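Protein chains in written order, with our numbering: chain A, 19 to 192; chain B, 15 to 445.
The C-beta atom is built at its ideal place from N, Cα and C for all residues, glycine as well.
Note that this is a predicted model, so its numbers are computed, not measured.
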Amino acid sequence: MKNFSGKVLFLDRSDINTDEIIPAKYLSEISKEALKPYLLEDLRLDGFSPNQDIEGKSVIITRENFGCGSSREHAPWALETNGINLIIAESFARIFRQNMFNCGMMAVALPAGAIDRIFKQFSGKDTFLETDLQKNIFIIKAGGLTEEISFNISDFQRALVDAGGWVEYADSRY
Amino acid sequence: MGKTISEKIFDSHLVDNPSGDIHVIRLDAVFCHEITTPVAINDLVARGKDRVFDPDKIKAVIDHVTPAKDSKTAMQGKILREWALRHNIKDFFDIGRNGVCHAIFPEKGFVHPGYTVIMGDSHTCTHGAFGAFAAGVGTTDLEVGILKGVCAFQYPSTIKINISGQMPEGVYAKDVILSIIGRLGVNGATDKIVEFAGPVVDAMSMEARMTCCNMAVEAGATSGICLPDMTTVEYLWEFIKDEHTTKEAAARAYQKLYPDPDAIYESIIDHDISRLEPLVTFGYKPDQVKPVKEMQGIKIDQVYIGSCTNGRIEDLRVAAQILKGEKISDSVRGILSPATPKVFSQAMEEGILKIFMDAGFCVTNPTCGACLGMSNGVLAQGEVCASTTNRNFNGRMGKGGMVHLMSPATAAASAIAGYITNSRLYIGLRD
Ligand code: SF4
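Okay, structure coming up:
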């Protein structure tokens with residue numbers, strides 16, 4: 019199973035699309051590793067610099083409709099090769115969310131209020147998030163501040179995470 | 015309890031229900047192109063699973079970058095080509111016979127009403143125009159589709175859009191779908207199917223229905239869908255005539271797919287287009303739409319007519335009507351990419367290509383080309399493109415470029431003017 023804990027990158031914007039996550043011009047790459055330097059290269063967001071802000075981060079927390087646009091699985095791969103296996107958002111585009119779980123990664127939606135609270139309390143701080151898959155909770159920490167937030171993923175999504183993705187799951191079953 | 019068309023299709027294809035509302039369904043067709051499939055092929059090979067579930071149900075095309083523009087895209091084509099050969103995939107379309115996937119596959123009769131289709135391409139929703147469930151998926155779903163002929167989806171919940179009213183002059187299917195996306199928002203239909211219904215849709219050609227379904231994903235939808243009727247039967251007749259005694263019998267048979275009177279919808283939206291004006295997008299999201307007249311005068315550097323949204327023969331005819339006898343502005347580069355070889359040769363026979371070329375357009379081979387900013391008209395930093403495609407994301411047609419989405423009519427008129435303008439002016443001028 020993949021690692022779902024680590025330092026948090028906050029992206030305070032809705033509708034971050036797959037062209038922003040990995041621009042189409044890199045789709046001619048046929049290995050996942052080759053995508054690594056280009057993650058979020060075209061993201062327009064004040065104060066965000068892909069060169070400085072991605073390194074060392076393992077989790078992204080963002081707003082609504084993350085991953086909208088193209089079906090490219092290059093988006094999760096570009097995240098994965100940068101060590102980011104967990105995205106927490108208010109909502110996701112369908113294909114992106116499915117691609118994440120199909121790769122054994124996680125795209126977890128939390129209510130708008132919870133996301134808002136996390137942004138207010140933690141964004142701008144050096145924040146660490148730990149995922150407890152037994153209890154279904156995220157433990158978020160910065161300085162002396164700790165917050166526990168419970169989350170839900172479906173049994174199917176959990177099975178994909180456990181199996182390490184959809185190919186192995188499907189090939190053994192169908 | 016009554017069912018929608020999508021629910022009927024799901025129920026007749028059910029393989030497994032692993033949890034909650036997740037249904038694993040059997041696929042009637044898996045479509046492949048050279049951008050997303052090679053990674054799937056390589057991964058299958060690496061896993062020791064280089065197999066296909068049924069070579070006759072897999073259709074493949076090289077369309078996004080063709081002819082190859084560099085060594086990397088050449089390798090993508092090569093991987094797909096060799097894989098198709100190795101697995102005896104007969105419906106593989108290489109250069110000379112290739113065209114934009116969502117235009118060429120329907121043309122070849124690969125999508126029938128009631129089918130389930132996936133492809134590693136978000137605009138796979140286009141094929142819903144035929145009364146099929148067709149959805150874009152990522153590479154892993156594609157891999158499993160290729161390997162096992164199944165895919166997992168949430169059981170469909172449907173937003174029905176009843177489109178009514180008289181289509182005003184100068185307004186086309188593209189304006190209709192832009193108005194719907196503007197209304198729903200970019201995630202207004204996430205995890206939903208959008209069923210296009212009502213008298214306007216009933217009167218639409220298959221081309222126009224494809225334009226609508228094509229952009230359903232821009233509102234987040236899993237797919238768009240239209241009810242199959244006589245228009246569908248006429249379009250597909252050559253491919254379905256062995257299965258049905260008459261066209262009427264075919265149309266009747268497809269009515270079995272129609273939603274039950276007591277089908278339950280997530281919501282039903284009435285959308286009257288009587289007062290609709292030609293629309294254009296203004297930002298980096300496809301729901302940011304405005305009437306053309308509010309964008310009148312915005313300077314453009316390039317006009318692109320083509321793509322799976324608006325590169326079909328009807329689109330070219332409409333644009334040609336406006337371009338006939340005109341010259342495009344000296345400050346504009348015009349690019350026409352007919353979507354398929356059939357569209358290309360039809361346009362040639364009808365004199366449409368000559369009209370475009372006389373007006374100053376460059377006509378390319380059938381390809382996605384500039385639509386995704388990989389080849390054939392990539393924008394430079396700060397350039398503006400009037401485009402008949404479906405996505406205006408930041409950087410979509412080239413880093414730092416701006417894309418305004420519009421109908422072929424508006425694009426043609428804007429090419430002549432050199433700035434965004436209403437096609438009615440040109441139709442009016444000549445009448
Ligand atoms: S024409 Fe554009 S939107 Fe359509 S399949 Fe090709 S790249 Fe995608």
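Next item on the list: Could you check how far apart the C-beta atoms of A:D33 and A:S88 are, in whole angstroms? I think they sit under 8 Å.
Entry: Here residue 33 of chain A refers to the residue found at position 15 when the first sequence is read from its first residue. Here residue 88 of chain A refers to the residue found at position 70 when the first sequence is read from its first residue. Their Cβ separation, rounded to whole angstroms, is 13 Å, which puts A:D33 and A:S88 out of contact at 8 Å.
Notebook entry, point to check: Is B:A217 buried or exposed, if buried means 16 or more other CB atoms sit within 10 Å of its CB?
Noted result: Within the second sequence, numbered from 1, the residue matching residue 217 of chain B stands at position 203. B:A217 comes out exposed.
Notebook entry, point to check: Apart from the five residues just before and just after B:A265, which ones in its own chain have a Cβ nearer than 7 Å to its Cβ?
Noted result: Here residue 265 of chain B refers to the residue found at position 251 of the second sequence. When the five nearest sequence neighbours on each side are left out, the beta carbons in the same chain lying within less than 7 Å of the beta carbon of B:A265 are those of D243, M244 and V247, in order along the chain.
Item checked: Spatial distance of B:K83 from B:K307 (CA atoms) -> Mapped onto the second sequence, residue 83 of chain B falls at position 69. Mapped onto the second sequence, residue 307 of chain B falls at position 293. Going by the C-alpha atoms only, they are around 38 Å apart.
Item checked: heavy atom of the ligand SF4 below 7 Å from B:N404 C-beta -> If you number the second sequence from 1, residue 404 of chain B lands on position 390. The answer is yes for B:N404.
Note to self: Distance cutoff 8 Å, beta carbons only. Does B:F147 sit that close to anything in chain D?
What the structure shows: Given the protein chain composition of this structure (A and B), no chain D is represented.
Margin query: Tell me the rounded alpha-carbon separation between B:F370 and B:G348.
Written below: Looking up residue 370 of chain B in the second sequence gives position 356. Looking up residue 348 of chain B in the second sequence gives position 334. Roughly 9 Å between the two C-alpha positions.
Next item on the list: Count the CB pairs spanning the segment 95–113 of chain B and the segment 224–238 of chain B that are closer than 8 Å, and state whether there are at least three.
Entry: Contact check between the segment 95–113 of chain B and the segment 224–238 of chain B: fewer than three CB pairs, one atom from each, fall below 8 Å, which does not count as touching.
Check: Can you give the Cα-Cα distance for A:I133 and A:A42, rounded to whole angstroms?
Finding: Within the first sequence, numbered from 1, the residue matching residue 133 of chain A stands at position 115. Within the first sequence, numbered from 1, the residue matching residue 42 of chain A stands at position 24. Each residue's alpha carbon lies about 29 Å from the other.
Notebook entry, point to check: Hey, quick one: how far does the alpha helix (DSSP H) through B:L94 stretch, first residue to last?
Noted result: Residue mapping note: residue 94 of chain B aligns to position 80 of the second sequence, counting from 1. Segment S85 to R100, the alpha helix (DSSP H) holding B:L94.
Item checked: Proximity test, Cβ basis, 8 Å: B:L161 and chain A -> Within the second sequence, numbered from 1, the residue matching residue 161 of chain B stands at position 147. By this cut-off, B:L161 is an interface position.
Next item on the list: Using the Cα positions of A:G85 and A:N103, report the straight-line distance between them to the nearest angstrom.
Entry: Locating residue 85 of chain A in the first sequence gives position 67, where the first residue counts as 1. Locating residue 103 of chain A in the first sequence gives position 85, where the first residue counts as 1. Taking the straight line joining both Cα atoms gives about 14 Å.
Item checked: Option nearest A:G142 by Cα separation, candidates A:D60, A:F110, A:S23 and A:A160 -> For this step, residue 142 of chain A is matched to residue 124 along the first sequence. Selected option, being the one with the closest Cα: A:A160.
Margin query: According to DSSP, is B:D274 part of a helix, a strand, or is it coil?
Written below: If you number the second sequence from 1, residue 274 of chain B lands on position 260. Here B:D274 sits in coil by DSSP.
Item checked: Separation of A:D189 from B:R450, as counted between CA atoms -> Outside the shown range of chain B, which is 15 to 445, sits residue 450 of chain B, and nothing can be said about it.
Item checked: Beta carbon of A:I40 nearer than 8 Å to that of A:L57 -> Mapped onto the first sequence, residue 40 of chain A falls at position 22. Mapped onto the first sequence, residue 57 of chain A falls at position 39. Against a cut-off of 8 Å, the Cβ pair of A:L57 and A:I40 comes out as a contact.
Checklist line | Status (buried if at least 16 other CB within 10 Å, exposed otherwise) for B:P275 | finding: Counting from one through the second sequence, the residue named residue 275 of chain B turns up at place 261. It counts as exposed.
Check: For the segment 105–139 of chain B, which residues have a beta carbon sitting closer than 9 Å to at least one beta carbon of chain A?
Finding: M133, G134, D135, S136, H137 and T138
Margin query: Measuring only from the beta carbon, is B:C227 closer than 7 Å to any heavy atom that is part of the ligand SF4?
Written below: For the purposes of this step, residue 227 of chain B is taken as the residue at position 213 of the second sequence. The answer is no for B:C227.
Item checked: Within 8 Å of chain A by C-beta, residues of the segment 409–438 of chain B in sequence order -> G409, R410 and K413
Notebook entry, point to check: Are there 16 or more other CB atoms within 10 angstroms of the CB of B:R65, so buried, or fewer, so exposed?
Noted result: By one-based count along the second sequence, residue 65 of chain B stands at place 51. Answer is exposed; the Cβ neighbour count stays below 16.
Note to self: Counting only Cβ-Cβ distances shorter than 8 Å, please list the residues of the segment 32–47 of chain A near chain B, keeping chain order.
What the structure shows: Residues are counted here when their Cβ sits less than 8 Å from a Cβ of chain B; for the segment 32–47 of chain A these are D33, N35, D37, E38, P41, A42, K43, L45, S46 and E47, given in chain order.
Check: Taking C-beta to C-beta, are B:T18 and B:P273 nearer than 8 Å?
Finding: One-based indexing of the second sequence puts residue 18 of chain B at position 4. One-based indexing of the second sequence puts residue 273 of chain B at position 259. Cβ atoms of B:T18 and B:P273: closer than 8 Å.
Note to self: Quick check on DSSP: helix, strand or coil for B:L290?
What the structure shows: Position 276 of the second sequence, counted from the start, is the residue given in the question as residue 290 of chain B. Note: B:L290 maps to coil in three-state DSSP.
Item checked: Contact set between the segment 21–49 of chain B and chain A, restricted to residues whose Cβ is under 9 Å from the partner -> Of all residues in the segment 21–49 of chain B, only V29, D30, P32, S33, G34, D35, I36, V38 and I49 come within less than 9 Å of chain A when Cβ atoms are compared, listed by chain position.
Check: CA-CA distance, A:G65 and B:F407?
Finding: Taking the first sequence and counting its residues from 1, the one referred to as residue 65 of chain A is at position 47. Taking the second sequence and counting its residues from 1, the one referred to as residue 407 of chain B is at position 393. The straight-line gap from Cα to Cα measures roughly 20 Å.
Note to self: For the alpha helix (DSSP H) containing B:H258, name the first residue and the last one.
What the structure shows: On the second sequence, residue 258 of chain B is found 244 positions in, with the first residue counted as 1. That residue, B:H258, is in no alpha helix (DSSP H); it is neither H nor E in DSSP.
Next item on the list: Measure the alpha-carbon distance for B:F253 versus A:R176 and round it to whole angstroms.
Entry: If you number the second sequence from 1, residue 253 of chain B lands on position 239. If you number the first sequence from 1, residue 176 of chain A lands on position 158. Each residue's Cα considered, the two are about 43 Å apart.
Notebook entry, point to check: Should B:H258 be counted as a contact of the ligand SF4 given a C-beta to heavy atom distance under 7 Å?
Noted result: For the purposes of this step, residue 258 of chain B is identified with residue 244 of the second sequence, where counting begins at 1. The nearest non-hydrogen atom of the ligand SF4 is 7 Å or more from the C-beta of B:H258.
Item checked: Through-space distance from A:A127 to B:I319, alpha-carbon basis -> Taking the second sequence and counting its residues from 1, one reaches residue 319 of chain B at position 305. Taking the first sequence and counting its residues from 1, one reaches residue 127 of chain A at position 109. When rounded, the distance between both Cα atoms is 38 Å.
Note to self: Classify B:M362: buried if its beta carbon has 16 or more other beta carbons within 10 angstroms, exposed otherwise.
What the structure shows: Here residue 362 of chain B refers to the residue found at position 348 of the second sequence. So B:M362 counts as exposed.
Note to self: Looking at chain A, is there any beta carbon in it that lies within less than 8 Å of the beta carbon of B:E209?
What the structure shows: Taking the second sequence and counting its residues from 1, the one referred to as residue 209 of chain B is at position 195. For B:E209, the answer is no, since every Cβ of chain A falls outside 8 Å of its Cβ.
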